[in-house]
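Q:
Residue numbers (the working numbering): 474 to 1016.
1) Are the stretch 917-926 and the stretch 939-948 touching by the rule of at least three beta carbon pairs closer than 8 Å?
2) When burial is assigned at 16 or more other CB atoms within 10 Å of the CB, is residue 729 buried or exposed?
3) Are the beta-carbon atoms belonging to residue 553 and residue 635 less than 8 Å from one another?
4) Would you list the residues sitting across from residue 888 in a DSSP beta bridge?
5) What first and last residue would you give for the alpha helix (DSSP H) that runs through residue 811?
6) Looking at the unbroken alpha helix (DSSP H) that takes in residue 1012, where does it start and where does it end?
7) By the 10 Å Cβ neighbour count, where 16 or more other Cβ atoms means buried, how is residue 534 classified, buried or exposed?
8) State buried or exposed for residue 681, treating a residue as buried only when at least 16 other CB atoms are found within 10 Å of its CB.
9) Report back the beta-carbon spacing between residue 876 and residue 964 to the nearest angstrom; my notes put them in contact at under 8 Å.
10) Taking the alpha-carbon of residue 573 as reference, which of 622, 804 and 759 has the nearest alpha-carbon?
11) Using C-beta distances below 6 Å, list every residue in its chain close to residue 862, excluding the 5 sequence neighbours before and after it, in chain order.
12) State yes or no: is the C-beta of residue 746 within less than 8 Å of the C-beta of residue 870?
13) Determine the contact status of residue 757 and residue 851, defining contact as a CB-CB distance below 8 Å.
14) Do you know offhand how far residue 821's Cα is from residue 827's?
15) Suppose the cutoff is 7 Å on Cβ atoms and the five residues either side in sequence are ignored; what does the same chain contact list for residue 705 look like?
16) Rounded to whole angstroms, what's the CA-CA distance from residue 1015 to residue 971? Just pull it up for me.
17) State the beta-bridge partners of residue 718 as determined by DSSP.
18) In the DSSP assignment, what are the bridge partners of residue 768?
19) Assuming residue 754 contacts residue 865 (C-beta within less than 8 Å), just tell me the rounded distance between them.
20) I need the straight-line Cα distance from residue 579 to residue 587, nearest angstrom please.
21) I'd like to check one pair, residue 701 with residue 873: are the Cβ atoms closer than 8 Å?
22) So is residue 957 buried or exposed if we call it buried at 16+ other beta carbons inside 10 Å?
23) On the DSSP bridge list, what partners appear for residue 559?
24) Measuring only the C-alpha atoms, how far is residue 811 from residue 764?
25) Determine the contact status of residue 625 and residue 545, defining contact as a CB-CB distance below 8 Å.
26) Checking 8 Å against the spacing of the C-beta atoms, do residue 907 and residue 832 come in under that value?
27) Name the DSSP beta bridge partners of residue 786, please?
28) List the residues that DSSP assigns as beta-bridge partners of residue 948.
29) Hey, residue 849 and residue 744: beta-carbon distance below 8 Å or not?
30) In chain order, what residues of the same chain have a beta carbon less than 6 Å from the beta carbon of residue 889, not counting five sequence neighbours either side?
31) Identify, in the order they occur along the chain, each residue of the same chain with its Cβ nearer than 8 Å to the Cβ of residue 896, setting aside the five sequence neighbours on each side.
32) Put residue 572 into one of helix, strand or coil per three-state DSSP.
33) Measure from the alpha carbon of residue 778 to the alpha carbon of each residue in 925, 1008 and 858, then state which is nearest.
34) With 16 as the cutoff for other CB atoms within 10 Å, does residue 991 come out buried or exposed?
35) Straight-line CA distance for residue 683 to residue 797?
36) Straight-line CA distance for residue 954 to residue 610?
Quick look at the structure:
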């Protein structure tokens, strides 16, 4: 452009033969052009350098584009949402004198309880740029963006908010800024696992969780931690036919909007021994293999090596009181007898436990649409001691999800179903058969008796038949068993005649308190906690 201008200036429109008057006129026009161009360029650089609010308003006056989809629960309640907000600044040096009163009135109308017009004048008399509002709400931002005052700057941004705060922290997760500061990236939970969908869609992601039921779990687990002076607690509820997760809570938790203290190793993700809950699997194997005999249960059961030396003894808790000296397979599970369970395990054909644990996926990380379950810890060998301890839920460490899905397959008719965090339509049960329906029905009958007669009695509620099993396991600390630290669990299915839901409650390191009658076993803390949860959620589940 400048080359063309110089050419015209030198030769005129007719080449080198133009007259002098024509040359003077062209010099004048060209001079005007240069002055206008310099003014225009200078003003452009000024606006860019000072961040004029007119430039920002021209961008902000259009509708904001939501850069991440909402997450909603099964009833449409918002669990995560991008919220538009802005910071409002005043740069006194850029304010025109004749507009000072208008700006003072404008700011006062935006924030009548925060700024009087006199307050705004004090800001206008300052020498430095002042932020008059941080993270103003969307309505206020839109009003502010409609102004046309030099010196008033509206810097808009999107924030990811979690209206339920701690309630879904471990499950929904949280986001962080990506390399492009304008976008969010999922860092944990659903936010991470479904990051691709949330970034590329505007329609909400609907999960299977129910905020009402989640609230009940959260409230009762918080109370349980306090009541039993526990280190933490965990609870889950799943539709036993569709695999939909209805509630998932793990304590301690965190606030996803304040990540200064984040516990990213919740009970949901760790691997633990679960104790007598595994007697359900042991009983299933016994029935499947046709074991139909009674075992002496009144004295410890010795485990011997190949030289017939006693290397270990399986004992029952001091409070164990068998109804008679010899118990059958069903009764051993009913009374949670360790001695009887170990004898059953030794009567199983070689390799039965390994095959069965593989059948119900205890020996592998689980494929979950909301994350990957941790790798489990199986026995290194399956000798007499390992076979006996696995029968009572020791010497094998798995995640809570492994346990719940395994027990669900034992009680729902024998179908192993993978869980989902996404809301599903009602349809036929889809999964892999791992147990005969007749055996599943028999197990349900035993679990119903447990909830009515023995260790699960504190989980009973009126109006519905529930089956359950308790489990208490001593924790391992630095490779050694710590007898003073327990993990206690209750797992229940209901309605027991045709299960629709399965519930699991675990208490981490409960203490002997008056609320638990100075006991630390699952019957006295996990079971009653599950009972309180069930009593509150049944009207919501069957409304």
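All C-beta atoms, glycine included, are put in the ideal place defined by N, C-alpha and C.
A: On the basis of the coordinates in this document:
1) yes
2) buried
3) yes
4) 906
5) 811-820
6) 999-1014
7) In this prediction, residue 534 scores a pLDDT of 41, lower than 50, which makes its location untrustworthy; no coordinate-derived value is stated.
8) buried
9) 7 Å
10) 622
11) 868
12) yes
13) no
14) 11 Å
15) 698, 724, 725, 740 and 981
16) 14 Å
17) 711
18) 800
19) About 11 Å; that fails the 8 Å criterion.
20) 13 Å
21) no
22) exposed
23) 609 and 629
24) 17 Å
25) no
26) yes
27) 775
28) 955
29) yes
30) 882, 904, 905 and 907
31) 547, 679, 680, 681 and 717
32) helix
33) 858
34) exposed
35) 46 Å
36) 54 Å
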